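In the numbering used here, the protein residues as written are 72 to 205.
See below for the structure under consideration.
Next comes the structure, spelled out in structure tokens:
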């Protein structure tokens, strides 16, 4: 009654389905929801305020440059938070790099060593504003 629902609904203009694999870069405007796999970079058109939502089934093997990201899937290699990144939720990671000014409201949980893979556990959301590279 007095609490507020912390879940945010992101606008979805584009969906990459669970059984879809893309090899190459993806550039989008608006909202992109990823249930599948992208082997390449994901970038929002500059000035569009793009939002990337990655489900627990989704993964990106490349860099991510968006205004906002909600991550419930896997980020291969490492997670880089730019100076303007704002994270809400727990981040389970293998390797993480943060610039001065990045903020995290949640826990940083190191993942067991697995060949440099940064994992985000399903249910823990990463919502960042600013450039995020995975």
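Glycine residues also receive a C-beta, built at the ideal position from the N, C-alpha and C atoms.
Just so it is clear, the structure is predicted and the values come from calculations on it, not from any experiment.
Cβ pair residue i, residue j closer than 8 Å
i	j	result
residue 141	residue 109	no
residue 129	residue 105	yes
residue 111	residue 121	no
residue 118	residue 89	no
Inter-residue CB distance, residue i and residue j (contact presumed, cutoff 8 Å)
i	j	result
residue 151	residue 168	5 Å
residue 255	residue 115	A question about residue 255 goes unanswered here, because the residues of the chain that appear run from 72 up to 205.
Length of the line joining the Cα atoms of residue i and residue j
i	j	result
residue 127	residue 163	13 Å
residue 125	residue 139	11 Å
residue 179	residue 91	30 Å
residue 157	residue 172	9 Å
residue 101	residue 135	15 Å
residue 123	residue 93	15 Å
Close-in-space but distant-in-sequence residues of the same chain around residue i (CB under 6 Å, 5 per side omitted)
i	result
residue 87	105 and 107
residue 193	Note that residue 193 scores a pLDDT of 35, beneath 50, so its modelled location is shaky and nothing firm can be said.
residue 133	111 and 112
residue 170	153 and 154
residue 83	102 and 104
Own chain residues within Cβ distance below 8 Å of residue i, not counting five before or after
i	result
residue 85	99, 101, 102, 103 and 104
Contact set for residue i: own chain, Cβ-Cβ below 7 Å, skip 5 residues either direction
i	result
residue 181	164
residue 66	As displayed, the chain neither begins before 72 nor continues past 205, which places residue 66 out of reach and without an answer.
With a floor of 4 residues, list each alpha helix (DSSP H) that falls wholly inside the segment 96 to 131, ordered by position along the chain. none
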